[in-house]
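The listed protein sequences correspond, in order, to chains G and R. Numbering-wise (the numbering used here), the first sequence opens with residue 1 and increments by one. Numbering-wise (the numbering used here), the second sequence opens with residue 94 and increments by one. Single-structure report; data block below.
2 protein chains.
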Amino acid sequence: MKVILVYDISIEEPRDQNRLNKVRQVVRKYINHVQKSVFEGELSPSKLERLKNEVLRVVDKRRDSVIIYILEDGAFYERQILTDTPDPTDNII
Amino acid sequence: MKVILVYDISIEEPRDQNRLNKVRQVVRKYINHVQKSVFEGELSPSKLERLKNEVLRVVDKRRDSVIIYILEDGAFYERQILTDTPDPTDNII
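This is the structure:
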């Protein structure tokens, strides 16, 4: 399944930066980091469940926002990059 | 078509904030602002073209990153919110 994860981690105090680092590290283990708060990649259903459980252990559910878009295998979608900045997924086989 | 737009606007000087505000205003005219740098909504092909052209007139193509995911009408996808923060698209008919 194609997975796109986007998050807004609420940074109001210095220790919130620590939580942001943890969430980023967790998600990076599973899918590619394509923008500051955007990740995308291919995951099996079981890996997606593990990603969600790990994220839920580190986020602040009241203050942070995490949205996941899941596209079934074979679902047709287009991905367009409007700008000239390098595509972080270019070097991924 | 379901459209998800994500951006990273490079903020290195005070005037970059002005460009960020402009890009945000442009995208908000077309689709919903669901996280700081994430927008989503339904668009016709012609409106998507107009959105892209307007965005291209205000972004810095060398320094900013704008990615658009486009799902054909009827493409099956799931949208999951992992956290308890309110869903900005809840009050949209």
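All C-beta atoms, glycine included, are put in the ideal place defined by N, C-alpha and C.
Check your understanding: Along chain R, which residues have their Cβ under 7 Å away from the Cβ of G:TYR77?
Key -> TYR162, ILE163, LEU164 and ALA168
Exercise for review: Please decide whether G:ILE31 counts as near chain R, where near means a Cβ-Cβ distance under 8 Å.
Suggested key: no
Practice item. For R:LYS154, count neighbouring C-beta atoms within 10 Å of its own C-beta (all shown protein chains included) and say buried if the count is 16 or more, exposed if not. Key: exposed
Check your understanding: Does any residue of chain G bring its CB to less than 8 Å from the CB of R:VAL99?
Key -> yes
Review point. For R:ILE186, does the three-state DSSP call read helix, strand or coil?
Key: Bear in mind that a pLDDT of 49 at R:ILE186, under 50, signals an unreliable position, so the number given afterwards is only what the model happens to contain. Coil at R:ILE186, not helix or strand.
Review point. Is the distance from the Cβ of R:VAL120 to the Cβ of R:VAL148 below 8 Å?
Key: yes
Review point. What residues are listed by DSSP as bridge partners for G:ARG79?
Key: R:TYR162
Point to revise | is_contact[G:LEU43, chain R] using C-beta, thresh 8 Å | key: no
**Study point:** Span of the alpha helix (DSSP H) around R:LYS95
**Key:** Not the alpha helix (DSSP H): R:LYS95 falls in the beta strand (DSSP E), residues 95-101.
Exercise for review: Report the option in G:GLU12, G:PRO14, G:ASP8 and G:GLU13 whose CA atom is closest to the CA atom of G:ARG24.
Suggested key: G:ASP8
Point to revise | Backbone secondary structure at R:GLU133 - three-state DSSP | key: strand
Review point. Roughly how many angstroms lie between the CA atoms of G:ASN32 and R:VAL159, to the nearest whole one?
Key: 16 Å
Review point. Rounded C-beta distance between G:ARG83 and R:ASP166? I'm assuming under 8 Å.
Key: One point to set straight first is that residue 83 of chain G is Thr, not Arg, in the sequence displayed. Rounded, the Cβ-Cβ distance is 26 Å, inconsistent with contact.
Exercise for review: Following the continuous alpha helix (DSSP H) through G:VAL26, name the residue where it begins and the one where it ends.
Suggested key: 14-28
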